[in-house]
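Right, one structure below, let's go through it.
Numbering (my numbering), first residue to last: -17 to 491.
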C-alpha cells in the first residue's frame, strides 16, 4: 500500500474502493449528508460528524446536504432549526441549496410502507407497549406477535385507518416482517410507523403517523442520492435494518452506511436530554451559557471555528471509542489565539499603584505590541500616568521564595513602560493593602535599563485615569468529575459549584 493510501482514514479507504472502477459508485459524485435532529443545539460532539460529512465531500469534489431529521414531532422546534444553521455557517461550512427536512419525504415514506405491506414484508401489530416488551423475547427465546400473519388486505386497511386518525395512540404500529429469532434485536420485526397525535413544527396536523428513524433514514438518503451515509458507532447494529429497507423498497439509489466512533470529552455531558435538563432546571443560564459544550456556548466563551475544527481533526477518525481530555480543547484554542488574537491589558483584582516620583498631571503614551507572535498585528498606544492599577497578587509585603513581583525593595518591569522599585504600601484600618507605592527609573522607558541591570519580573498594568471598569466572568469545568455520566448519584450530583466566578470592578485598558 502506498503512502497516499496509508495516510487516509478508514472511511476514505472505503470511498476509494467504492468510486474505483468496478466499485458500487464508480462514475458517481461522492454525496454525503449531515442530518441533525432539531430538538436541541449542536454541541462539540456533533462537530465530528459535521466535519467528517462536509470535509469528506469536499475532499472528493462532492456534495454534502444539510437535512433536519424532524420525524419525531414531540421534540422538534423551529428555534433549533435556525440555531443549527447558524452554528454550521459559523464553523465555515455551506450546504448551498441542498437543505432538506425529513418531513419533506413523509408522503414518499408512506408509499414505501404501503409497498412493503403489499409485498408481505410489513404488518400492523396491535400489541400494547407493555405487551411488546413481554413478547420481545431474549437471546435464547424468539420474539412473538399474534398479528404477524395477518392477511395483506387487512394490514392495508388497518394502516389506512392509522393514517386517518381512527386509532388511539399506542394502539397500533406498523412493523417490518424480518426475523423474530434474530440475534440482532433491531431485526426482530422492528416498528416502522407509530401513531402520534402531536402537531408537527412544519406539517401541523396533516399527519398522525410518523416513521421511525431506522425506516425514514435510509429512504431519505436514497431519495437524496446520498452515496455514503456516515454516522456514529451506535448505529452499527442498525446497519442490517438500513440495508434491509434499501433492499426491499426499490429506491432510486442505494447508499452505503459507514459508522465511526463518537467524540467524547472529559468534564462534560453530551446527551441532549441532560443538556436540556441543565437549562430547564436553571443550572446554567441557557443553551449558550459559556460552560455548556454547545457550539453557541463555546462561541460565547471565545472559542474560534479554527480551534474547534483543529481539535476535532486532530482527534482523528476511527471506530475505537475514546474520551478526550478537555484540556486538549483548551490547548487548541490557545494555539489559535496565540497566533491570531490581539492582546489587551486587564486587571481583574485591582489594587492602586502610585508612582510617587512621577510628575502629577503628566501622561505619556507607550507603544505596546498587539500580538508578540504576529508582528503584522502592529502596535497600539497605551497611556501611562502616576496612578495605575495592578493585580493585587502582584504585590506581597512579605514575599514567598522565588517571588519576582513587587515587594518592598524589589524592582519589576511594567510591561512596555518603565521599571519601578517598590517603596512600601498603604493599608486600611483592617490591615488590608489599599495602595502600593513605588518609584520609577526615568531612564528605563520601554522596559530596558540604562546600566544593563537585569530585572526578572514583568507585570501588567492599566492607567487609572483612562481605565474602563468592567464585570469579568471566569469559567471553570461545569462538572467536578471527569466522567459525570458515571457518577453514582447522577450527573447533577457532580456539578461544580465554582464553575462561574463573577468579578466586578475590574479595570481594562
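Every residue, glycine too, gets a C-beta built ideally from N, C-alpha and C.
Bear in mind that the values here come from a model prediction, so they are computed numbers and not experimental data.
Check your understanding: Is the CB-CB distance between residue 575 and residue 230 below 8 Å?
Key -> Outside the displayed span of the chain (-17 to 491) sits residue 575, for which this structure offers no information.
Check your understanding: Does the beta-carbon of residue -3 have 16 or more other beta-carbons within 10 angstroms, so that it is buried, or is it exposed?
Key -> Under a 10 Å Cβ-count criterion, residue -3 is classified as buried, with 16 or more other Cβ atoms of the shown protein chains found around its own Cβ.
Practice item. Output yes or no for whether 8 Å exceeds the beta carbon distance between residue 31 and residue 212. Key: Closer than 8 Å, so yes.
Check your understanding: Which runs of the alpha helix (DSSP H) spanning at least 4 residues fall entirely within the stretch 282 to 333, listed in chain order?
Key -> Listed in chain order, the complete alpha helix (DSSP H) runs (minimum 4 residues) inside the stretch 282 to 333 are 287 to 296, 308 to 322.
Review point. Which residue comes first and which comes last in the alpha helix (DSSP H) that contains residue 197?
Key: It spans 195 to 205 - the alpha helix (DSSP H) in which residue 197 sits, taken as one unbroken run.
Check your understanding: Is residue 515 helix, strand or coil when you go by DSSP?
Key -> The chain is shown from -17 up to 491; residue 515 falls before or after that span and cannot be answered.
Check your understanding: So what's residue 33 in DSSP terms, helix, strand or just coil?
Key -> Residue 33 carries a helical assignment under DSSP once its states are collapsed to helix, strand and coil.
Review point. Exposed or buried, what is residue 262 when buried is set at 16 or more other beta-carbons lying within 10 Å of its beta-carbon?
Key: The C-beta of residue 262 has fewer than 16 other C-beta atoms within 10 Å across all chains shown, which makes the residue exposed.
Review point. When we look at the beta-carbon of residue 165 and count the other beta-carbons within 10 Å, is it buried (16 or more) or exposed?
Key: Classification of residue 165: exposed, given that the 10 Å Cβ count is below 16.
Review point. Just the Cα atoms here: how many angstroms apart are residue 282 and residue 306?
Key: Their backbone Cα atoms lie some 22 Å apart in a straight line.
Review point. With burial defined as no fewer than 16 other Cβ atoms inside 10 Å of the residue's Cβ, what is the status of residue 158: buried or exposed?
Key: Using a 10 angstroms sphere on the CB of residue 158, the tally of other CB atoms reaches 16 or more, which defines it as buried.
Exercise for review: Assess, as a yes-or-no matter, whether the stretch 74 to 93 is touched by the stretch 44 to 56 under the definition of 3 or more beta carbon pairs within less than 8 Å.
Suggested key: Three or more Cβ pairs drawn from the stretch 44 to 56 and the stretch 74 to 93 lie within less than 8 Å of each other, which places the two stretches in contact.
**Study point:** At least 3 beta-carbon pairs within less than 8 Å: the stretch 459 to 478 vs the stretch 250 to 259
**Key:** With the cut-off at 8 Å, the stretch 459 to 478 and the stretch 250 to 259 touch.
Review point. Does the stretch 476 to 483 come close enough to the stretch 317 to 327 to have 3 or more Cβ pairs within less than 8 Å?
Key: No, the stretch 476 to 483 is not in contact with the stretch 317 to 327.
Review point. Alpha carbon to alpha carbon, how far is residue 449 from residue 273?
Key: Using only the alpha carbons, I get a separation of about 28 Å.
Review point. At what residues does the alpha helix (DSSP H) containing residue 261 begin and finish?
Key: Taken as a continuous stretch (DSSP letters only), the alpha helix (DSSP H) holding residue 261 covers 254 to 262.
Review point. DSSP beta-bridge partners for residue 547?
Key: Absent from the model: residue 547. The displayed extent of the chain is -17 to 491, so no value can be given.
Review point. Does at least one heavy atom of the ligand GTP sit under 7 Å from the Cβ of residue 201?
Key: Of ligands this structure carries none, so the ligand GTP is not represented either.
Check your understanding: Between residue 196 and residue 172, is the Cβ-Cβ spacing less than 8 Å?
Key -> In this structure, residue 196 sits near residue 172, with a CB-CB distance shorter than 8 Å.
Check your understanding: Who are the near neighbours of residue -15 in its chain, counting only those whose CB is closer than 8 Å to its CB and skipping five residues on each side?
Key -> Low confidence applies to residue -15: its pLDDT is 41, below 50, so where it sits in the model is not reliable, and the reading given next is rough at best. There are no such residues.
Exercise for review: Please name the residue in 410, 99, 422, 479 whose C-alpha comes closest to that of residue 227.
Suggested key: Taking only the C-alpha atoms, the option nearest residue 227 is 99.
Review point. Using the C-alpha atoms, what's the distance from residue 41 back to residue -13?
Key: With a pLDDT of 47 at residue -13, under the threshold of 50, the modelled position of that residue is not reliable, and the figure given next carries that caveat. Roughly 14 Å separates the two Cα atoms.
Point to revise | Three or more C-beta pairs below 8 Å linking the stretch 372 to 383 and the stretch 439 to 446 | key: A contact is defined here as three or more CB-CB pairs under 8 Å, and the stretch 372 to 383 meets this definition with respect to the stretch 439 to 446.
Review point. For the stretch 99 to 130, which segments carrying the beta strand (DSSP E) assignment without a break, of at least 3 residues, lie completely within its bounds, in sequence order?
Key: With a minimum length of 3 residues, the continuous beta strand (DSSP E) runs that stay inside the stretch 99 to 130 are 104 to 107.
**Study point:** Reduced DSSP secondary structure (H/G/I, E/B, other) of residue 229
**Key:** Reduced to three states, the DSSP call for residue 229 is helix.
Exercise for review: Round the Cβ separation of residue 154 and residue 96 to the nearest angstrom and send it over; I've been treating them as touching at under 8 Å.
Suggested key: Wrong, their Cβ atoms sit about 15 Å apart, outside the cutoff.
Check your understanding: If you drop the 5 nearest sequence neighbours on each side, which residues of the same chain put their C-beta closer than 7 Å to that of residue 84?
Key -> Hits under 7 Å: 49, 50, 51, 52, 53, 198, 202.
Exercise for review: Could you tell me the distance, in whole angstroms, from the CA atom of residue 69 to the CA atom of residue 26?
Suggested key: The alpha-carbon atoms of residue 69 and residue 26 are separated by roughly 11 Å.
Point to revise | Any 3 or more C-beta pairs closer than 8 Å across the stretch 308 to 320 and the stretch 283 to 293 | key: In this structure the stretch 308 to 320 lies against the stretch 283 to 293, because at least three pairs of beta carbons, one per stretch, are closer than 8 Å.
Review point. For residue 319, which of 288, 178, 141, 119 has the nearest alpha-carbon?
Key: For residue 319, the nearest C-alpha among the options comes from 288.
Point to revise | 8 Å contact criterion, which residue 24 and residue 416 should meet: CB distance rounded | key: About 48 Å; that fails the 8 Å criterion.
Exercise for review: Please confirm if the stretch 365 to 374 is in contact with the stretch 335 to 351, defined as three or more CB-CB distances below 8 Å between the two stretches.
Suggested key: Enough Cβ pairs lie closer than 8 Å, so yes.
Check your understanding: According to the neighbour-count rule (16 or more other Cβ atoms, all chains shown, within 10 Å of its Cβ), is residue 456 buried or exposed?
Key -> Residue 456 is exposed by the Cβ-count criterion.
**Study point:** DSSP state of residue 348 mapped onto helix, strand, coil
**Key:** DSSP, read as helix, strand or coil, puts residue 348 in strand.
Exercise for review: With DSSP as the reference, label residue -10 as helix, strand or coil.
Suggested key: Judged by DSSP in its simplified three-state form, residue -10 adopts coil rather than helix or strand.
Exercise for review: Assign residue 458 to one of two classes, buried (16 or more other C-beta atoms within 10 Å of its C-beta) or exposed (fewer than that).
Suggested key: By the neighbour-count rule (16 or more Cβ atoms within 10 Å), residue 458 is not buried but exposed.
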